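Colleague: Each residue of the sequence shown is one higher than the one before, starting from 717 at the first, in our numbering. Even for Gly, the Cβ is constructed at its ideal location relative to N, Cα and C. Everything numeric in this text was worked out from a predicted model, so none of it was measured.
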Amino acid sequence: MAKTISGFSKLSKRQKIEWLANNFFEDATAAESALIAWHRRDEQQQKIIDGFTENAVSNFTLPFSVAPNFVINGQEYAVPMVIEESSVVAAASSAAKFWLDRGGFRAEVSGTVKLGQVHFRWAGSPGRLYALFPDLKTHLLASCDDLTANMRQRGGGLLDIELLDFTHLEPEYFQLRASFETCDSMGANFINSVLERFGDQLEFFIETAPVLADHERDVEVIMCILSNFTPNCLVRAWVECPENELEDLARDAGLPGRSAVDRFCTAVRIAEIDPYRATTHNKGIFNGIDAVILATGNDFRAVEACGHTYACRSGQYRSLSRAWVENGIFRFELEIPLPIGTVGGLTALHPLAKQALEMLGNPSARELMMIVATVGLAQNFAAVRSLVTTGIQQGHMKMHLTNILNYLGASEKETVAAQAHFCRETVSFSAVRTFLEGARTRE
Ligand code: MEV
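#1: Mapping the DSSP letters down to three states, classify S810 as helix, strand or coil.
#2: Using 10 angstroms around the beta-carbon of G832, count the other beta-carbons present and answer buried if the total reaches 16, otherwise exposed.
#3: Should the region 869-884 be called in touch with the region 983-996, which here means at least 3 C-beta pairs below 8 Å?
#4: Closer than 7 Å to a non-hydrogen atom of the ligand MEV - does that hold for the CB of H1116?
#5: Do the CB positions of L965 and A983 come within less than 8 Å of each other?
#6: Name the DSSP beta bridge partners of S943, please?
#7: Apart from the five residues just before and just after N739, which ones in its own chain have a Cβ nearer than 8 Å to its Cβ?
#8: Pairing CB atoms from the region 892-901 with CB atoms from the region 1080-1095, are three or more of them under 8 Å?
#9: State the start and end residues of the unbroken beta strand (DSSP E) segment that holds D851.
#10: Output needed for L1068: all residues of its chain with C-beta closer than 6 Å, excluding positions within five of it in sequence on either side, in chain order.
#11: If you follow the alpha helix (DSSP H) that D1006 is part of, which residue opens it and which one closes it?
#12: Please state whether the Cβ-Cβ distance between S1037 and L1050 is less than 8 Å.
#13: With DSSP as the reference, label G873 as helix, strand or coil.
#14: Figure out for me which residue from G903, F980 and G1013 has the closest Cα to the Cα of T946.
#15: Excluding the five sequence neighbours on either side, which residues of its own chain have a C-beta within less than 8 Å of the C-beta of S725, listed in chain order?
#16: Quick one, which of F906, S810 and D881 has its alpha-carbon nearest V1059's?
#17: Run the CB neighbour count on C1022, radius 10 Å, all protein chains shown included, and call it buried at 16 or more, exposed below.
#18: Does the beta carbon of I989 fall short of 7 Å from some heavy atom of the ligand SAM?
#19: Closest by CA to F1138, which one among E1128, F1151, R868 and M867?
#20: Would you report the Cα separation of I1056 and L950, rounded to the nearest angstrom?
#21: Kindly identify the DSSP beta-bridge partner or partners of M797.
#22: With which residues is C957 paired in a DSSP beta bridge?
#23: Tell whether a beta-carbon distance below 8 Å holds between V787 and G820.
#24: Report yes if the C-beta of H1024 is less than 7 Å from at least one heavy atom of the ligand MEV; otherwise report no.
#25: Let me check understanding here. Comparing Cα to Cα, which of G1000, E742, A823 and G1107 lies closest to R979?
#26: For the pair the region 857-870 and the region 926-934, tell me if three or more CB-CB distances fall below 8 Å.
#27: Buried or exposed for A953, please, with buried defined as at least 16 other CB atoms from any protein chain shown within 10 angstroms of its CB.
#28: Would you decide whether I1120 is buried or exposed? Buried here means 16 or more other CB atoms lie within 10 Å of its CB.
#29: What do you reckon, is the C-beta of I1056 under 7 Å from a heavy atom of the ligand MEV?
#30: Give me the Cβ distance between A1133 and A1155, rounded to the nearest whole Å; I'm assuming they're in contact under 8 Å.
#31: Using alpha carbons as the reference points, say which of E800, G767, E759 and W754 lies closest to V1008.
#32: When the Cα of F1046 is compared with those of F836, E956 and P887, which residue comes out closest?
#33: Within 10 angstroms of its Cβ, does P958 collect 16 or more other Cβ (buried), or is it exposed?
#34: If you follow the alpha helix (DSSP H) that F1097 is in, where does it begin and where does it stop?
#35: Under DSSP, the alpha helix (DSSP H) around Y1026 begins and ends at which residues?
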């Protein structure tokens, strides 16, 4: 097995690259140079980046973009976005501009509660455990005093612990569900440390409780971990305006205003009805959300997992946004749980995450929740507006043209000519290649 290795993580970065280049690439020298080329010149900064994960051999670059003109609750923002998809930032910026002229966006946070679970097995009767629970809870709360002290000082900490009985679904399976306020941090390490303490102390308590008989002392903690589903860490963002102010929503598509708004609301309702459409609709929302989450050094997998579970809260996967007209007022809103932070973790370590947060005025976690939800809503607005009017490909392929031209090695002059030509023509990879071949033979 020449291409497997033990002790890879112990090799220096240089040795890792050499081993990879020699074993997995046709041209080892070219592979080595390509991987090394993205290494930062500033060794100190590179050390920080390498420290994020095990076995880092290079840096993977994505554009750090900005969508200006967001006004949220009267406050102006230029929003940092990290994303590779061509048209996303352009769409967010255009939606921000559109709503800038109509009073901007509104947003509010209705809760910031995070959750964690201790899953355990106990062979005794549920009634016995519930009778014991008030004492167990007091014991558990006291047992993590040292771990919660700092968070309590910041105004947060452990909020509550519940006992849940799942023995009707899995023999002997119970759960402790704890709720936390983690202030401006996402709080994953804090929550998991407290939960592991609970696991140990739960076992200790049951094994030593004087009221329990010997055959009731058998408790087994299966796992202690936060839950990424935080339905009470919730934010809502919305826009509204008189229906007749949406005339230009329709102008491009040659539709009368009323019917464009109607098509927009119908499109959103379709995403409430049909999970196949809802998945794509919500993907468009996450185009915006993930880009800000990444730029600010937050955990986009946690945010995605949570959002998709929330989209299923009725028992079926549905749209996260809603749109309707009432008494001549168009309203479009997005409600989503966003378990994020603005201190700790990568937010403090990643050099550009720091810049991103500063660009946003070093927001609290609550404020960042509002910004992120707003960008999700703006992105959704832009996508659905295109879909029900001009179609999505017009804007998308215009942006994608640059990627195709770069891939085909177009010169500056060829790029300008291609951009002029494809203003009127449909962009496709083969059409651009044919255009360039034609231009090159004409020269
Ligand atoms: C593409 O990345 C996102 C869209 O498909 C979203 C949508 O269909 O609403 C355009």
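Modeller: Result, derived from the coordinates:
#1: helix
#2: buried
#3: no
#4: no
#5: no
#6: L831
#7: Sequence-distant partners of N739 (beyond 5 residues in either direction) whose C-beta falls short of 8 Å from its own C-beta, in its chain, are A718 and K719.
#8: yes
#9: First-last for D851: P842 to S859, but that is the alpha helix (DSSP H), not the beta strand (DSSP E).
#10: F780
#11: P991 to A1011
#12: yes
#13: G873 falls in the strand class under three-state DSSP.
#14: Closest option to T946, judged by alpha-carbon separation, among G903, F980 and G1013: G903.
#15: Excluding positions up to five away in sequence, the list reads E770 and N771.
#16: F906
#17: Buried is the call here.
#18: The ligand SAM is not part of this structure, which contains only the ligand MEV.
#19: Answer by Cα proximity: F1151.
#20: Going from the Cα of I1056 to the Cα of L950 covers about 11 Å.
#21: S781
#22: F1046
#23: Cβ atoms of V787 and G820: closer than 8 Å.
#24: no
#25: G1107
#26: Note that the region 857-870 does not touch the region 926-934; fewer than 3 beta-carbon pairs, one per stretch, sit closer than 8 Å.
#27: buried
#28: buried
#29: no
#30: 6 Å
#31: E800
#32: E956
#33: It counts as exposed.
#34: Taken as a continuous stretch (DSSP letters only), the alpha helix (DSSP H) holding F1097 covers A1081 to V1104.
#35: The continuous alpha helix (DSSP H) containing Y1026 extends over residues F1016 to A1027.
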